[in-house]
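Take any residue in the sequence shown, note its place counting from 1, add 60, and you have its number in this note's numbering.
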Amino acid sequence: MERYWHIGARNSGRWMERSYNVAPTSQVPMVLLNEKEQQEVISARWGLIPFWWKQEKLPALTFNARSEEAPTKPMWRDAIRQKRCLMPAAGWYEWNEKEPVKNSAGRAVNQPYYHHAIDNGVLAIAGIWSTWAPPEGEPIISCALLTKEAEGLVAAVHHRMPVILAPEQWTTWLSPDTSLELAYDTIALARQDFEAYRISTDVGSVRNQGPHLIEPR
Numbered sequence: 061m062e063r064y065w066h067i068g069a070r071n072s073g074r075w076m077e078r079s080y081n082v083a084p085t086s087q088v089p090m091v092l093l094n095e096k097e098q099q100e101v102i103s104a105r106w107g108l109i110p111f112w113w114k115q116e117k118l119p120a121l122t123f124n125a126r127s128e129e130a131p132t133k134p135m136w137r138d139a140i141r142q143k144r145c146l147m148p149a150a151g152w153y154e155w156n157e158k159e160p161v162k163n164s165a166g167r168a169v170n171q172p173y174y175h176h177a178i179d180n181g182v183l184a185i186a187g188i189w190s191t192w193a194p195p196e197g198e199p200i201i202s203c204a205l206l207t208k209e210a211e212g213l214v215a216a217v218h219h220r221m222p223v224i225l226a227p228e229q230w231t232t233w234l235s236p237d238t239s240l241e242l243a244y245d246t247i248a249l250a251r252q253d254f255e256a257y258r259i260s261t262d263v264g265s266v267r268n269q270g271p272h273l274i275e276p277r
């Protein structure tokens with residue numbers, strides 16, 4: 061990622077080993093603009109906690125945000141205007157509800173697919189982030205990825221997909237000076253150059269890790 065985003069020594073995040081099965085609430089890499097308006101990679105909790113959160117129990121199911129709803133939903137509307145980020149990934153998983161199969165335990169599950177760029181390059185998923193200060197302890201930086209209605213080959217597997225931006229869109233998306241309208245223009249032009257294939261049902265358990273999870277089946 062350091063070479064891909066040309067960030068060199070500007071990275072301040074804690075580098076993590078590559079994960080083949082990332083679970084919500086895990087630490088993930090996140091690209092944002094720092095105070096010098098330079099792209100920087102940091103570590104963030106996957107599952108957004110808005111800055112105004114007051115409850116003792118942290119919000120659940122805040123790892124994905126529907127792009128169509130983000131400007132109006134209280135959970136997302138502040139971040140989508142001022143705190144946009146990119147979440148790097150090699151690909152993503154989706155499960156086809158119309159394709160039931162048996163897993164290694166003999167249980168009926170949906171067939172998982174691995175989606176990736178046709179050129180196998182790094183994907184930059186559009187996201188939003190926030191900094192939350194708990195009553196005790198250090199501030200927590202968290203993030204959520206944006207989704208949109210699936211198009212093209214992706215729609216044959218699932219009705220939703222991440223919003224994935226091309227390099228020429230990154231600066232516009234990341235800048236806090238970009239208007240909401242212009243930011244959403246980048247979503248309308250999101251990438252569609254992906255392919256997918258069936259993979260092992262082992263990916264259904266976050267305990268399973270390793271490159272075998274993305275091998276074609």
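Note that CB positions come from ideal geometry on N, CA and C, so glycine has one too.
Task: Spatial neighbours of M135 in its chain, beta-carbon cut-off 8 Å, leaving aside the 5 residues before and after - done: Within the sequence shown, numbered from 1, the residue matching residue 135 stands at position 75. So the list reads L108, P110, P119, T122 and A125, once near-sequence residues are dropped.
- [ ] Could you tell me how far apart the beta carbons of R105 and L234 are, in whole angstroms, since I believe they sit closer than 8 Å?
- [x] Along the sequence shown, read from residue 1 onward, the residue named residue 105 stands at position 45. Along the sequence shown, read from residue 1 onward, the residue named residue 234 stands at position 174. The pair is not a contact, with the Cβ atoms about 19 Å apart (cut-off 8 Å).
Open item on the list: In whole angstroms, give me the CA-to-CA distance for A215 and R167.
Closed with: For this step, residue 215 is matched to residue 155 along the sequence shown. For this step, residue 167 is matched to residue 107 along the sequence shown. Distance from the CA atom of A215 to the CA atom of R167, rounded to whole angstroms, is 25 Å.
Task: Endpoints, alpha helix (DSSP H) assigned at T231 - done: As a working mapping, residue 231 is identified with position 171 in the sequence shown. That run of the alpha helix (DSSP H) goes P227 to L234.
Task: Given E159 as reference, the closest of S265, N170 and Q115 once Cα atoms are compared - done: On the sequence shown, residue 159 is found 99 positions in, with the first residue counted as 1. Of S265, N170 and Q115, the residue nearest in Cα terms is N170.
- [ ] Could you tell me which residues DSSP puts in a beta bridge with P131?
- [x] Sequence index remark: in the sequence shown, residue 131 carries index 71 (1-based). In DSSP, P131 forms no bridge with anything.
- [ ] Inspect the beta-carbon positions of V182 and P222 and report whether they are closer than 9 Å.
- [x] Here residue 182 corresponds to residue number 122 of the sequence shown, with the count starting at 1. Here residue 222 corresponds to residue number 162 of the sequence shown, with the count starting at 1. Between V182 and P222, the C-beta gap is not smaller than 9 Å, which leaves the two residues out of contact.
Task: Minimum C-alpha distance to W192 - residue among Y80, E116 and P131 - done: As a position in the sequence shown, residue 192 is number 132, starting the count at 1. The candidate whose alpha carbon is nearest that of W192 is E116.
- [ ] Could you give the DSSP three-state label for L183: helix, strand or coil?
- [x] Locating residue 183 in the sequence shown gives position 123, counting from the first residue. When secondary structure is reduced to three states using DSSP, L183 falls in the strand class.
Open item on the list: Could you check whether the segment 173-182 touches the segment 75-91, counting it as contact only if at least three pairs of C-beta atoms, one from each stretch, sit closer than 8 Å?
Closed with: Fewer than three pairs of CB atoms, one per stretch, sit closer than 8 Å, so the segment 173-182 makes no contact with the segment 75-91.
- [ ] With a 10 Å radius around its C-beta and 16 neighbouring C-beta atoms as the bar for buried, classify G270 as buried or exposed.
- [x] Residue numbering aside, residue 270 sits at position 210 when the sequence shown is read from its first letter. Around the CB of G270, fewer than 16 other CB atoms lie within 10 Å, so the residue is classed as exposed.
- [ ] Return the CA-CA distance between V88 and S103, expressed in angstroms with no decimal places.
- [x] The residue you call residue 88 lines up with position 28 of the sequence shown. The residue you call residue 103 lines up with position 43 of the sequence shown. Counting only the Cα atoms, S103 lies some 6 Å from V88.
Task: 6 Å Cβ shell around G73 - same chain, five flanking residues per side excluded - done: Here residue 73 refers to the residue found at position 13 when the sequence shown is read from its first residue. Note that G73 scores a pLDDT of 49, beneath 50, so its modelled location is shaky; the value from the coordinates is reported in the next line. The answer, listed in chain order, is V101, I102 and S103.
- [ ] Could you spell out where the alpha helix (DSSP H) holding I140 opens and where it closes?
- [x] In the sequence shown, the residue the question calls residue 140 occupies position 80. Taken as a continuous stretch (DSSP letters only), the alpha helix (DSSP H) holding I140 covers R137 to Q142.
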